[in-house]
Amino acid sequence: MKNVLMIVGHSNYGNSLSNKTIADTAKGNTNITVRNLADVSDGFNFNVEEEQKALASADIIVLQFPFHWYALPALFKKWMDDVLQFGFAYGPGGDKLSGKKLVLSFTTGGPSDTYTKDGSNNYTVEEFTAPLIQTAQFCQMEYAGNVCSNGMLYIPDMMGDKDEVTAKAKDHAKRLVEHLESL
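So the sequence shown is numbered by our numbering: it starts at 1205 and just counts up by one.
Structure representation (structure tokens):
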């Protein structure tokens, strides 16, 4: 496996079960560097130079996040706005991400049958992730697919089963590593 940078963006990482389990499991692979945006931000501010340096050194970039209102959590979106700058990610001289592979790795709270044209969310996961795929292409990256796990909602004493969500998160991490090894 090539040099992989997993960027974890969660609006409340401390209370995450599924995304935290996925990231912690991925850390066990020596080729995967996990970078948690909650740890590298000062509020919603980033050291852009350090973030760009981390991206430039990776062969494969994984965006790990929960679907939050059908998109990236705000912290992740702010990171993208700040880090994927003109002259770095696009525009004249903006070729620092060219040729790198991008993998989307994410969780949803709802079950998979809700992410269909006839489901309660009215759209497929692929339709919801189209802006991220286009961002990769705009930055001259190769979109290398996604690993998605549905039904990952766990709120203690309210919703979901902790053991079931944990097992699904570990399976997600296994599928992600297998996907990364195939690239």
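C-beta: ideal position from N, C-alpha, C; glycine also.
Along the chain, where does the alpha helix (DSSP H) that runs through residue i open and close?
i, result
"Pro-1360", "No alpha helix (DSSP H) contains Pro-1360, which DSSP labels as neither H nor E."
"Lys-1305", "Note, Lys-1305: premise wrong, no alpha helix (DSSP H); beta strand (DSSP E) at 1305-1311."
"Ser-1222", "1222-1230"
"Ala-1334", "1334-1342"
"Ala-1242", "1241-1244"
"Gln-1289", "Careful: Gln-1289 lies outside any alpha helix (DSSP H) and carries neither H nor E."
"Leu-1259", "1252-1260"
Got a sec, what are the start and stop residues for the beta strand (DSSP E) residue i sits in?
i, result
"Pro-1270", "1264-1270"
"Met-1210", "1208-1212"
"Ala-1348", "1346-1353"
Go ahead and label residue i buried or exposed: buried means 16 or more other beta carbons lie within 10 angstroms of its beta carbon, across all protein chains shown.
i, result
"Lys-1321", "exposed"
"Lys-1257", "exposed"
"Gly-1213", "buried"
"Gln-1268", "buried"
"Met-1363", "exposed"
"Glu-1254", "exposed"
"Trp-1273", "exposed"
"Leu-1335", "A small correction: the amino acid at residue 1335 is Pro; Leu does not occupy that position in the sequence shown. Classification of Pro-1335: exposed, given that the 10 Å Cβ count is below 16."
"Ala-1377", "buried"
"Ser-1222", "buried"
"Asn-1350", "buried"
"Ala-1260", "exposed"
"Thr-1333", "buried"
"Pro-1277", "buried"
"Ser-1386", "exposed"
If contacts are defined as beta-carbon pairs under 8 Å, then residue i and residue j qualify, I think. What distance do you get, rounded to the angstrom?
i, j, result
"Leu-1241", "Phe-1280", "6 Å"
"Asn-1207", "Asp-1263", "5 Å"
"Val-1329", "Cys-1352", "6 Å"
"Phe-1310", "Pro-1270", "6 Å"
"Leu-1288", "Arg-1239", "Contact flag wrong, Cβ pair sits at about 15 Å."
Segment contact flag, the stretch 1285-1304 with the stretch 1358-1377, C-beta cutoff 8 Å, min 3 pairs: no
Touching by the beta-carbon criterion (3+ pairs, under 8 Å), the stretch 1225-1232 and the stretch 1365-1379: yes
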